[in-house]
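Here the structure is laid out as structure tokens; the discussion comes afterwards.
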Amino acid sequence: MRNIFFKLKQECFFIFLMLIIFCIPSHSFTFEKIGGITAVIGDEILLDSELKHYLNSNKKIPPCKGLENLIIHKLILYHAKKDPSIQIDNQEIQSNKEEFLKKFNSDFSKNLSLKELTEKIKNNQYIEKFYQKMKEDIEISPEEVKYFFNKEKEKLPIVPKKICVSYMILSPKFSKEHREKIVNFLKKIKKEIHSDKDFSMKAILLSEDYSSAFKGGLINGIKKKNISKEFERIVFSLEEKQISEPFETDLGFHLVKLEKKRGEEIDIRHILIQPKYTEEELRKAKSFAYEIKNRLINHEISFETISNERPLLHNGIVNHSVWKKIWVEENQISKNLKKTLQNLKDGEISEPYKEIVNGKEVFFIIKLLKRKPSHPISFKEDYAQLKNLVMNIKQEEKIKNWIKNQLKKLI
112 MRNIFFKLKQ ECFFIFLMLI IFCIPSHSFT FEKIGGITAV IGDEILLDSE LKHYLNSNKK
172 IPPCKGLENL IIHKLILYHA KKDPSIQIDN QEIQSNKEEF LKKFNSDFSK NLSLKELTEK
232 IKNNQYIEKF YQKMKEDIEI SPEEVKYFFN KEKEKLPIVP KKICVSYMIL SPKFSKEHRE
292 KIVNFLKKIK KEIHSDKDFS MKAILLSEDY SSAFKGGLIN GIKKKNISKE FERIVFSLEE
352 KQISEPFETD LGFHLVKLEK KRGEEIDIRH ILIQPKYTEE ELRKAKSFAY EIKNRLINHE
412 ISFETISNER PLLHNGIVNH SVWKKIWVEE NQISKNLKKT LQNLKDGEIS EPYKEIVNGK
472 EVFFIIKLLK RKPSHPISFK EDYAQLKNLV MNIKQEEKIK NWIKNQLKKL I
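Under our numbering, the first residue of the sequence shown carries the number 112, and numbering increases by one thereafter.
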């Protein structure tokens, strides 16, 4: 079967060839067709399969434009990886991978391997950080926003419905007996570990951190600034090759072996246990959620002052977090929240309802503060949104100029 690359129109081929010749130094680009490779841009390879997948997923994009988009994507990725100011957060990669695996663990292996998944997440982070860097020194004045609004008013999109809410999340706490059972289980595992091989095998078999379990629990390049205080306090106090005692964070219960320490950065092996709540723990949390809701309705407490109610909240039954006056677009909220809000009027408080957050069952209490109907964009009311639109336009212009500058350097 002839490759898609050779099916492109002649003018498409010319655009592609010119992009490559002028965007990349001659020693960094390979045009020869080898083993399903369409192009090599610096250290980045563009495969035929990538191009086919992109075009199949974006059928409205002409092949020529699709190829150009991928070339620019690879060009940006190549330079982002070379830029010493762009640092990748390995902990964020692990978290994103774990979240993906929890959602799609049964399906993802049909399409890509864990190694490929890790690479895709890492590359996305490089691209995101490149764009963030491009925004850093862009300044937007009110006059620019006003000019843009007046010029493009008739073309600007309708602002979707928005709601303003305050809400509280109540997550059950493990009972003393349940916690001791989990800790004892991890202590038993620790006693059975006598070598690196033992720890790796236990992680593969038992760890619920799916993104690291298949590597024997290994996580490299964790930066001190990117982890929680409780995790940092324990892990950074270990000596190399030392195994921690079991400890708990918001993610679950951990057993950690420190492999290497390099100043503010470490490599670890990790076993994570994320036990399910018992029916009794859920029942107590739900009952407490209804108590909070009744106190809110009776004005005994409020969302503004509830964080100060230490005796009420520090009761061994729940963990809590409170968010105040948050605006969200109605088309971005969960089905459960949408259903809950249907019967609420401004100023009313919902019944507690259950959601799954980070794989855990939690209870939400919502106060609907205000609804804002869909409307034509307004300079006064939607200034922040207009400013973001101008920012995006200037960012696109900056990236286009950056690409042109890459060309000038090489011509």
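All C-beta atoms, glycine included, are put in the ideal place defined by N, C-alpha and C.
Would you list the residues sitting across from residue i in a DSSP beta bridge?
i, result
"His425", "Paired residue(s): none; His425 is not in a bridge."
"Gly327", "Gly327 is not bridged to any residue."
"Leu452", "For Leu452, which the question treats as bridged, DSSP gives no partner whatsoever."
"Phe285", "Answer by DSSP bridge pairing: none, since Phe285 is not bridged."
"Leu366", "Ile382"
"Asn430", "Ser282"
"Ser277", "Lys478"
"Val270", "His486"
"Arg373", "Glu376"
In this structure, does DSSP put residue i in helix, strand or coil?
i, result
"Gly177", "helix"
"Asp378", "strand"
"Lys446", "helix"
"Lys395", "helix"
"Glu155", "strand"
"His184", "helix"
"Ile437", "strand"
"His305", "coil"
"Lys469", "Rather than Lys, the amino acid found at residue 469 in this sequence is Asn. DSSP places Asn469 in coil when its eight states are reduced to three."
"Leu480", "strand"
"Lys264", "helix"
"His410", "coil"
"Pro487", "strand"
"Glu341", "helix"
"Tyr401", "helix"
"Asn499", "helix"
"Ile204", "helix"
"Ile238", "helix"
"Ile514", "helix"
"Phe358", "strand"
"Tyr464", "strand"
"Thr389", "coil"
"Ile293", "helix"
"Ile333", "strand"
Report the rounded CA-to-CA distance for residue i versus residue j, giving the unit in angstroms.
i, j, result
"Gly177", "Thr389", "51 Å"
"Ile319", "Glu391", "Checking the sequence shown, residue 319 turns out to be Glu, not Ile. Those two C-alpha atoms are separated by around 23 Å."
"Asn447", "Glu466", "8 Å"
"Lys171", "Ser160", "18 Å"
"Gly328", "Asp200", "18 Å"
"Gly374", "Glu155", "31 Å"
"Asn295", "Pro463", "34 Å"
"Asn409", "Asn454", "19 Å"
"Asp457", "Ile274", "10 Å"
"Ile417", "Ser461", "16 Å"
"Phe347", "Pro173", "52 Å"
"Tyr242", "Val501", "15 Å"
"Ile403", "Phe364", "28 Å"
"Ser206", "Ser306", "27 Å"
"Glu359", "Glu350", "20 Å"
"Pro357", "Leu297", "6 Å"
"Leu166", "Cys175", "10 Å"
"Tyr237", "Met245", "12 Å"
"Asp361", "Val433", "16 Å"
"Ala314", "Lys193", "34 Å"
"Leu336", "Ser196", "Residue 336 is actually Lys in this sequence, not Leu. Their backbone Cα atoms lie some 16 Å apart in a straight line."
"Asp248", "Lys185", "24 Å"
"Gln506", "Pro422", "50 Å"
"Tyr494", "Leu393", "44 Å"
"Ile444", "Glu343", "33 Å"
"Glu291", "Ile304", "20 Å"
"Arg482", "Glu376", "46 Å"
Are the beta-carbon atoms of residue i and residue j separated by less than 8 Å?
i, j, result
"Ile293", "Leu366", "no"
"Ile488", "Gln496", "yes"
"Ile280", "Val473", "yes"
"Lys478", "Tyr278", "yes"
"Ala400", "Ile476", "yes"
"Val429", "Ser282", "yes"
"Leu369", "Ile382", "no"
"Ile437", "Val276", "yes"
"Lys240", "Ala191", "yes"
"Ile330", "Ser323", "yes"
"Pro271", "Asn442", "yes"
"Leu228", "Phe211", "yes"
"Ile182", "Ile152", "yes"
"Glu209", "Tyr321", "yes"
"Ser413", "Leu407", "yes"
"Glu420", "Lys435", "no"
"Lys284", "Gly470", "no"
With a cut-off of 8 Å, does the C-beta of residue i fall near any C-beta of chain B?
i, result
"Ile382", "Checking the listed chains, one finds no chain B in this structure; it contains a single protein chain."
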